[in-house]
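Chains as they are written, first to last, in the numbering used here: chain A, 2 to 638; chain B, 83 to 272; chain C, 110 to 362.
Glycine included, each C-beta is placed from N, C-alpha and C at the ideal position.
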Amino acid sequence: MILDGKCPSGPLSEKWDKRCRELKLVSPANKRRYRIIVVGTGLAGASAAATLGELGYNVEAFCFQDSPRRGHSIAAQGGINAAKNYPNDGDSIFRLFHDTIKGGDFRSREANVYRLAMLSNNIIDQCVAQGVPFARDYAGYLDNRSFGGAQVSRTFYARGQTGQQLLLGAYGALSRQIKAGTVKLHPRTEMLDLVLINGEAKGITVRDLVSGRIESHSADAVCLCTGGYANVYYLSTNAMGSNVTATYRADKKGAFCANPCFTQIHPTCIPVSGDYQSKLTLMSESLRNDGRVWVPKMKGDKRSAHEIPAEERDYFLERKYPAYGDLAPRDIASRAAKEICDEGFGTGNSGRGVYLDFADTLKHPGEVKIRERYGNLFEMYEKITGEDAYKQPMRIYPAPHYTMGGLWVDYNLQSNIPGLFVLGEANFSDHGANRLGASALMQGLADGYFIVPYTIADYLARTMPGKAGTDGPEFKKSREDAETFTKKLLSIKGRKTVNEFHRELGRIMWDHVGMTRSEDGLKRALELLPELRAEFHENVNIPGSGGELNQELEKAGRVADFLEFAELMARDALLRNESCGGHFRTEYQMPDGEAKRDDENFCYVAAWEFRGVDNGPELHKEPLKFENVELATRSYK
Amino acid sequence: MGFIKNTVGRKVVIAVTGQLMVVFIIFHLPGNYFNPWAMTFPAIGSFIWIVRLALLLSFVLHAFFGIQSELENHKARSGPYAVTKSLSTTFAAKTMIWSGILSGVFIIFHLLNITVSVIDESFQDNYAVAIGYAIGLSAVCLHLYHGIASFFQTMGWNSEKSLPAVTSIGKGMALLLFGGFICIVILNRG
Amino acid sequence: MNLTLFVWRQKGPDDKGRLEQLNAKDISLEMSFLEMLDTVNEGLIKDGKEPIAFDHDCREGICGMCSQVINGVPHGPQEKTTVCQLHMRNFKDGGSIYIEPWRARAFPVIKDLIVDRSALDRIIQAGGYISVHTGGVPEANAVLVPKEDADTAMDASECIGCGACVAACPNGSAMLFTAAKVSHLAMLPQGRTEAARRVCVMTEAMMQQGFGNCSNHYECQAACPKGIRVQFIAKLNREFIKAQFKGACRKSP
Numbered sequence: 002m003i004l005d006g007k008c009p010s011g012p013l014s015e016k017w018d019k020r021c022r023e024l025k026l027v028s029p030a031n032k033r034r035y036r037i038i039v040v041g042t043g044l045a046g047a048s049a050a051a052t053l054g055e056l057g058y059n060v061e062a063f064c065f066q067d068s069p070r071r072g073h074s075i076a077a078q079g080g081i082n083a084a085k086n087y088p089n090d091g092d093s094i095f096r097l098f099h100d101t102i103k104g105g106d107f108r109s110r111e112a113n114v115y116r117l118a119m120l121s122n123n124i125i126d127q128c129v130a131q132g133v134p135f136a137r138d139y140a141g142y143l144d145n146r147s148f149g150g151a152q153v154s155r156t157f158y159a160r161g162q163t164g165q166q167l168l169l170g171a172y173g174a175l176s177r178q179i180k181a182g183t184v185k186l187h188p189r190t191e192m193l194d195l196v197l198i199n200g201e202a203k204g205i206t207v208r209d210l211v212s213g214r215i216e217s218h219s220a221d222a223v224c225l226c227t228g229g230y231a232n233v234y235y236l237s238t239n240a241m242g243s244n245v246t247a248t249y250r251a252d253k254k255g256a257f258c259a260n261p262c263f264t265q266i267h268p269t270c271i272p273v274s275g276d277y278q279s280k281l282t283l284m285s286e287s288l289r290n291d292g293r294v295w296v297p298k299m300k301g302d303k304r305s306a307h308e309i310p311a312e313e314r315d316y317f318l319e320r321k322y323p324a325y326g327d328l329a330p331r332d333i334a335s336r337a338a339k340e341i342c343d344e345g346f347g348t349g350n351s352g353r354g355v356y357l358d359f360a361d362t363l364k365h366p367g368e369v370k371i372r373e374r375y376g377n378l379f380e381m382y383e384k385i386t387g388e389d390a391y392k393q394p395m396r397i398y399p400a401p402h403y404t405m406g407g408l409w410v411d412y413n414l415q416s417n418i419p420g421l422f423v424l425g426e427a428n429f430s431d432h433g434a435n436r437l438g439a440s441a442l443m444q445g446l447a448d449g450y451f452i453v454p455y456t457i458a459d460y461l462a463r464t465m466p467g468k469a470g471t472d473g474p475e476f477k478k479s480r481e482d483a484e485t486f487t488k489k490l491l492s493i494k495g496r497k498t499v500n501e502f503h504r505e506l507g508r509i510m511w512d513h514v515g516m517t518r519s520e521d522g523l524k525r526a527l528e529l530l531p532e533l534r535a536e537f538h539e540n541v542n543i544p545g546s547g548g549e550l551n552q553e554l555e556k557a558g559r560v561a562d563f564l565e566f567a568e569l570m571a572r573d574a575l576l577r578n579e580s581c582g583g584h585f586r587t588e589y590q591m592p593d594g595e596a597k598r599d600d601e602n603f604c605y606v607a608a609w610e611f612r613g614v615d616n617g618p619e620l621h622k623e624p625l626k627f628e629n630v631e632l633a634t635r636s637y638k
Numbered sequence: 083m084g085f086i087k088n089t090v091g092r093k094v095v096i097a098v099t100g101q102l103m104v105v106f107i108i109f110h111l112p113g114n115y116f117n118p119w120a121m122t123f124p125a126i127g128s129f130i131w132i133v134r135l136a137l138l139l140s141f142v143l144h145a146f147f148g149i150q151s152e153l154e155n156h157k158a159r160s161g162p163y164a165v166t167k168s169l170s171t172t173f174a175a176k177t178m179i180w181s182g183i184l185s186g187v188f189i190i191f192h193l194l195n196i197t198v199s200v201i202d203e204s205f206q207d208n209y210a211v212a213i214g215y216a217i218g219l220s221a222v223c224l225h226l227y228h229g230i231a232s233f234f235q236t237m238g239w240n241s242e243k244s245l246p247a248v249t250s251i252g253k254g255m256a257l258l259l260f261g262g263f264i265c266i267v268i269l270n271r272g
Numbered sequence: 110m111n112l113t114l115f116v117w118r119q120k121g122p123d124d125k126g127r128l129e130q131l132n133a134k135d136i137s138l139e140m141s142f143l144e145m146l147d148t149v150n151e152g153l154i155k156d157g158k159e160p161i162a163f164d165h166d167c168r169e170g171i172c173g174m175c176s177q178v179i180n181g182v183p184h185g186p187q188e189k190t191t192v193c194q195l196h197m198r199n200f201k202d203g204g205s206i207y208i209e210p211w212r213a214r215a216f217p218v219i220k221d222l223i224v225d226r227s228a229l230d231r232i233i234q235a236g237g238y239i240s241v242h243t244g245g246v247p248e249a250n251a252v253l254v255p256k257e258d259a260d261t262a263m264d265a266s267e268c269i270g271c272g273a274c275v276a277a278c279p280n281g282s283a284m285l286f287t288a289a290k291v292s293h294l295a296m297l298p299q300g301r302t303e304a305a306r307r308v309c310v311m312t313e314a315m316m317q318q319g320f321g322n323c324s325n326h327y328e329c330q331a332a333c334p335k336g337i338r339v340q341f342i343a344k345l346n347r348e349f350i351k352a353q354f355k356g357a358c359r360k361s362p
């Protein structure tokens, strides 16, 4: 099937206005008759729930954490982009749009990205009004910093905790609506299933993580704002609880999953120290503004960093990409670091790390400035590694960080299932094959504050409110299925723990569906994954029962989904016989090792329809048309 | 009435009334050394009754809200930790309720002893009374050791820089007053 | 290294709970504290026992989910560090570690080391925000904010809402948490309009949720993993007194 993103016609800059004019409205008196479920309370979820509640809808918000303030958006460090052009360095909405499209290696929808760039300015206004304490200069104006993949300074930031501050802004707005009674909050509740009635999304089934009860909630529309799936790699920068369950179970109910192989490996993370490692810690990419990346020119050089003279250091990013140097986009910087370590130049005990050196900036503009910009990051680095980065260079290594793929949505952020809207990282829409730094926060908030509140009305206006009750057969079946699945998992009582399976899954994914992929490797993964999955369902050991707080059971459900979802990623990666953005196939590269895109054959979105775990999914394509930018080879040289 | 129902409002009442009594104590000390100073008080006539009423009111409010807060705080805790470790609080701060009660008893005793002369035993003659005075003064000192600095924090007259200074001055002041009064007891005994 | 753990085990809110002695063997110095607990849990599961339930999520010190009192100190011995960022190099081989949940009446224990902190959310819900609508706001640079004020607001806003201040407070008070939000918003011109009302409703909510009163022990500051200072409590008090002159507390619902 050929999918249609339903973008409005007309000039790029007028598309969103045109769509807004066409969208149907729900009258104020009618709004309270509609119930909307919002799953997830990160930036996208909190902003959507708050805004929809304020508009007058009845909103039910769900999160698995104990408080809506803890969505993993909170961990975003660097900043949020906007085309304000405050520094007067030539930025514009078009330039932000162009940078994002190019950064995404021409695998995203023009109309969506342009809308994102347009709304970026409103987001900054909104956040400032909410009291987000962005960094300011001495005159009291907002300050900007530069970021990877852009030649202008357009990133707004709040120390190294921009995500936290933005989320607290959205959490404040959400709290206000909870107080007002327009939003009902369900913390420590995990979504297990999407319920469809006559093919439309009308509710969800959840597990109360404290009591273990499985319950259903009905609504007139459902918004999934449940983030990405980087934890499929086991070790990633995501929170321990970040999972694919909500979106994958929606996928199993018919929602298409688009471009699942587009994952982002972040170049600046703290290297792995041992097998027990439970997660990887990201150091903001903004560090690359002031640090220089290098490795010793001599293989296996065991000298400490400052014993190695300048002429014996290889500043490989600056060497390979002179124009952008240390600010080359994430995928390029990550791959370069992995390659150089694979060749044996890596530093640290494991040989899996490169130096990020601040010696130059510590001399000028000096330690005070560095402390002001990155003080908390340096502290964090010291806590984890026991090393002082003011005295010796940091060691960094790439780690899975963000997933561009996600549920397929049209221009209105509605999936192929009517009534199911997908926001933020959970959808596939705006970042193509690679996301630029400081764009995730922008997308989450644009979707939640300014897009879905408009587009959801168009769907609701076409439906009668309150038709579905949770007693219907669809809800009953959904609850029964969830109960059966839980009971099945608990009854296995095998010998391996959930973590052991997850670790093994992570190893397969990192080796074969990680930063570089090959046909052989992907085929190998497609052999290994079903075996691991089968073993999981025979040999996993989950203690305790379903009727209580049971963290192993929670993990098991999530890992069970990852085990199936991983296969979809591998299939998608195998289909895409090209290299683009975060998807690098070793067979498809330029003579100099750069990614070789194939616009002739792969300039489309690959959306997969679930056909049963053992049947393999069905592919649907949405062709990508570029009317306003030229499909160029992405070059940061 | 929102003010005294509010946790901060009550804290302000405790702080202000406490500080009023501290001011009195400060005036009280030189009075013990220089009789002429002390003699000016009765000379003012009705003024003394205004002061006495203000002090009485302060005492009652301070005690009432102090005890009420303590009872609430007790309720707000839920069982002790198996291991407890104080990071920054002091013995004085942790024992405010006890030093407060002891101080209250001492003040009542002192008033009955000196002002109203119901108890007709002076510390000059009676060792037990002198020891009682020493204990009472220690309790007051302990109470002020936390109380004086706390006043500034509660009134919000604290900034990044002033907090350490205010804390030190408060503690110093408490010790100074203790020294001043205990000397009277010791000197008159000796 | 090898350690002896004394971990609080409690099946549910109605269970009395007790300390259970467990051994942590072959612990690496590079492990984080939670990775040490992961290792212990893997062992428990293999032995057919229930693993220790504890809250954690981001494991990079920002989400505020982790919450353990280690040897009598919330978040353990290292200053300005959450449990998840605490590493085993801070402990001695062969030592004992006591691990307990946050203890306060407003934080009932759910299971083992997990407590219910929704009372903190309810303090924010009472008014810990600027009542701005989505859309219809002025241009971001239309209102200037002196850098010093923005920086101080940021200092206060770094609070991660973990509740260590409450766990550390001998009075079970959430004053530092409340003060951080009051101060953050009162420092900014956007938040001034509601400042008087905010301080009243938030402190009232704090009392209603069963937290104790602040009596200036400053244990909260010492335990705070983000270094939120008690000067913000002074700021809250100042805001409260100022609010009296506006009669803001009488009007509040």
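Distance between beta carbons of histidine 228 of chain B and threonine 172 of chain B, contact taken as under 8 Å:
For the purposes of this step, residue 172 of chain B is taken as the residue at position 90 of the second sequence. For the purposes of this step, residue 228 of chain B is taken as the residue at position 146 of the second sequence. Correct: roughly 6 Å between the Cβ atoms.
Taking C-beta pairs closer than 7 Å, name the residues in chain C that lysine 280 of chain A reaches, listed in chain order.
Residue numbering aside, residue 280 of chain A sits at position 279 when the first sequence is read from its first letter. The answer, in chain order, is Arg168.
From A:Asn377, A:Asn123 and A:Arg20, pick the residue whose C-alpha is nearest to that of serine 287 of chain A; which is it?
Within the first sequence, the letter at position 286 stands for residue 287 of chain A. Considering only alpha carbons, the answer is A:Asn377.
What does glycine 6 of chain A touch in chain C if you count any residue whose Cβ is under 7 Å from its own?
Stepping through the first sequence from its first residue, residue 6 of chain A is reached at position 5. Within 7 Å Cβ-Cβ: nothing; glycine 6 of chain A doesn't reach chain C, min ~25 Å.
I'd like to know if the segment 178-192 of chain A and the segment 40-57 of chain A are in contact, where contact means that at least 3 CB-CB pairs between them fall below 8 Å.
yes
Closer than 8 Å by C-beta to alanine 427 of chain A: which residues in its own chain qualify, once you throw out the five before and the five after it? Chain order, please.
If you number the first sequence from 1, residue 427 of chain A lands on position 426. Cβ neighbours of alanine 427 of chain A beyond the five flanking positions: Gly41, Ala45, Leu225, Cys226, Thr227, Gly228, Gly229, Ala247, Thr248, Gly407 and Leu408.
Alanine 231 of chain B to isoleucine 264 of chain B span [Cα, whole Å]
Within the second sequence, residue 231 of chain B is the residue found at index 149, counting from 1. Within the second sequence, residue 264 of chain B is the residue found at index 182, counting from 1. Approximately 22 Å, taken between the alpha carbons.
Length of the line joining the Cα atoms of valine 369 of chain A and phenylalanine 502 of chain A
One-based indexing of the first sequence puts residue 369 of chain A at position 368. One-based indexing of the first sequence puts residue 502 of chain A at position 501. Those two C-alpha atoms are separated by around 46 Å.
Report, in whole angstroms, the separation of the C-beta atoms of cysteine 218 of chain A and glycine 200 of chain A, which I expect to be a contact under 8 Å.
Taking the first residue of the first sequence as position 1, residue 218 of chain A is located at position 217. Taking the first residue of the first sequence as position 1, residue 200 of chain A is located at position 199. For the sequence presented, residue 218 of chain A should be read as histidine rather than cysteine. Rounded, the Cβ-Cβ distance is 19 Å, inconsistent with contact.
Below 8 Å on C-beta distance, what does glycine 161 of chain B contact in chain C?
As a first step, residue 161 of chain B must be located in the second sequence, where it is residue number 79. Correct list: Arg212.
Report yes or no: is there a C-beta of chain B within less than 8 Å of the C-beta of valine 291 of chain C?
Position 182 of the third sequence, counted from the start, is the residue given in the question as residue 291 of chain C. Closer than 8 Å: no.
Thinking lysine 384 of chain A and glutamine 194 of chain C are a contact (beta carbons under 8 Å), I'd like their distance in whole angstroms, please.
Residue numbering aside, residue 384 of chain A sits at position 383 when the first sequence is read from its first letter. Residue numbering aside, residue 194 of chain C sits at position 85 when the third sequence is read from its first letter. Going by Cβ atoms, the distance from lysine 384 of chain A to glutamine 194 of chain C rounds to 5 Å, so yes, they are a contact pair.
Measure how close the beta-carbons of arginine 177 of chain A and serine 292 of chain C come, nearest whole angstrom, since I'm counting them as under 8 Å.
Counting from 1 along the first sequence, the entry for residue 177 of chain A is found at position 176. Counting from 1 along the third sequence, the entry for residue 292 of chain C is found at position 183. Arginine 177 of chain A to serine 292 of chain C, Cβ: 19 Å. No contact.
Rounded straight-line distance, which links the Cα of glycine 594 of chain A to that of asparagine 616 of chain A:
As a first step, residue 616 of chain A is located in the first sequence; it is residue number 615 there, counting from the start. As a first step, residue 594 of chain A is located in the first sequence; it is residue number 593 there, counting from the start. Each residue's Cα considered, the two are about 36 Å apart.
Taking just the CA atoms, how far does arginine 525 of chain A sit from alanine 289 of chain C?
The count along the third sequence starts at 1 and reaches residue 289 of chain C at position 180. The count along the first sequence starts at 1 and reaches residue 525 of chain A at position 524. If you take the alpha carbons of alanine 289 of chain C and arginine 525 of chain A, they lie about 53 Å apart.
Examine the Cβ distances between the segment 268-276 of chain C and the segment 214-228 of chain C and report whether three or more of them are shorter than 8 Å.
The segment 268-276 of chain C is in contact with the segment 214-228 of chain C.
Check distances from the C-beta atoms of the segment 237-254 of chain B to those of chain C and list, in chain order, the residues that come in under 8 Å.
Met237, Gly238, Trp239, Asn240, Ser241, Glu242 and Leu245
Hey, is the segment 467-475 of chain A in contact with the segment 501-515 of chain A, meaning 3+ C-beta pairs nearer than 8 Å?
no
Might you give, ordered along the chain, the residues of its own chain that have their beta carbon closer than 7 Å to the beta carbon of glutamine 299 of chain C, omitting 5 neighbours on each side?
Here residue 299 of chain C corresponds to residue number 190 of the third sequence, with the count starting at 1. Taken in chain order, the residues that qualify are Ile239 and Val252.
Those residues which DSSP pairs with arginine 314 of chain A across a bridge
By one-based count along the first sequence, residue 314 of chain A stands at place 313. Looking at the DSSP assignment, arginine 314 of chain A forms a beta bridge with A:Pro297.
Bridge partners for asparagine 82 of chain A per DSSP, in chain order?
As a first step, residue 82 of chain A must be located in the first sequence, where it is residue number 81. In the DSSP output, where bridge partners are listed per residue, asparagine 82 of chain A has A:Thr156.
Select from A:Met591, A:Leu632, A:Val614 and A:Phe611 the residue whose C-alpha is nearest the C-alpha of phenylalanine 603 of chain A.
What you label residue 603 of chain A is simply residue 602 of the first sequence in a count that begins at 1. Looking at the Cα atoms, A:Leu632 is the closest of the given residues.
Closer than 8 Å, CB to CB, is valine 182 of chain C near chain B or not?
Looking up residue 182 of chain C in the third sequence gives position 73. Yes, valine 182 of chain C counts as interfacial toward chain B.
Suppose the cutoff is 6 Å on Cβ atoms and the five residues either side in sequence are ignored; what does the same chain contact list for leucine 143 of chain C look like?
In the third sequence, the residue the question calls residue 143 of chain C occupies position 34. His165 and Cys193, listed in sequence order.
Nearest candidate by alpha-carbon position, reference proline 419 of chain A, set A:Asp521, A:Phe257 and A:Glu481:
Mapped onto the first sequence, residue 419 of chain A falls at position 418. When only C-alpha atoms are compared, the closest one is A:Phe257.
Segments of 4+ residues assigned as alpha helix (DSSP H) that fall wholly inside the segment 189-264 of chain A
If only uninterrupted alpha helix (DSSP H) runs of at least 4 residues are considered, those enclosed by the segment 189-264 of chain A are 246-253.
Mind checking whether serine 237 of chain A and alanine 337 of chain A have CB atoms under 8 Å apart?
On the first sequence, residue 237 of chain A is found 236 positions in, with the first residue counted as 1. On the first sequence, residue 337 of chain A is found 336 positions in, with the first residue counted as 1. For serine 237 of chain A and alanine 337 of chain A, no; Cβs fall outside 8 Å.
Looking only at its own chain, which residues have a Cβ that is under 7 Å from the Cβ of glycine 272 of chain B, when we skip the five neighbours before and after it?
Along the second sequence, read from residue 1 onward, the residue named residue 272 of chain B stands at position 190. For glycine 272 of chain B, the predicted model reports a pLDDT of 47, less than 50, meaning its position is unreliable; a value from the coordinates is still stated below. None.
Neighbour flag for glutamine 101 of chain B against chain C, beta carbons, 8 Å
Along the second sequence, one-based indexing puts residue 101 of chain B at 19. Closer than 8 Å: no.
Verify the CB distance criterion: does glycine 186 of chain B have a CB-CB separation below 8 Å to chain C?
One-based indexing of the second sequence puts residue 186 of chain B at position 104. Not closer than 8 Å to any Cβ of chain C, the Cβ of glycine 186 of chain B fails to qualify, so no.
Given aspartate 225 of chain C as reference, the closest of C:Met174, C:Leu345 and C:His184 once Cα atoms are compared:
For the purposes of this step, residue 225 of chain C is identified with residue 116 of the third sequence, where counting begins at 1. Answer by Cα proximity: C:Met174.
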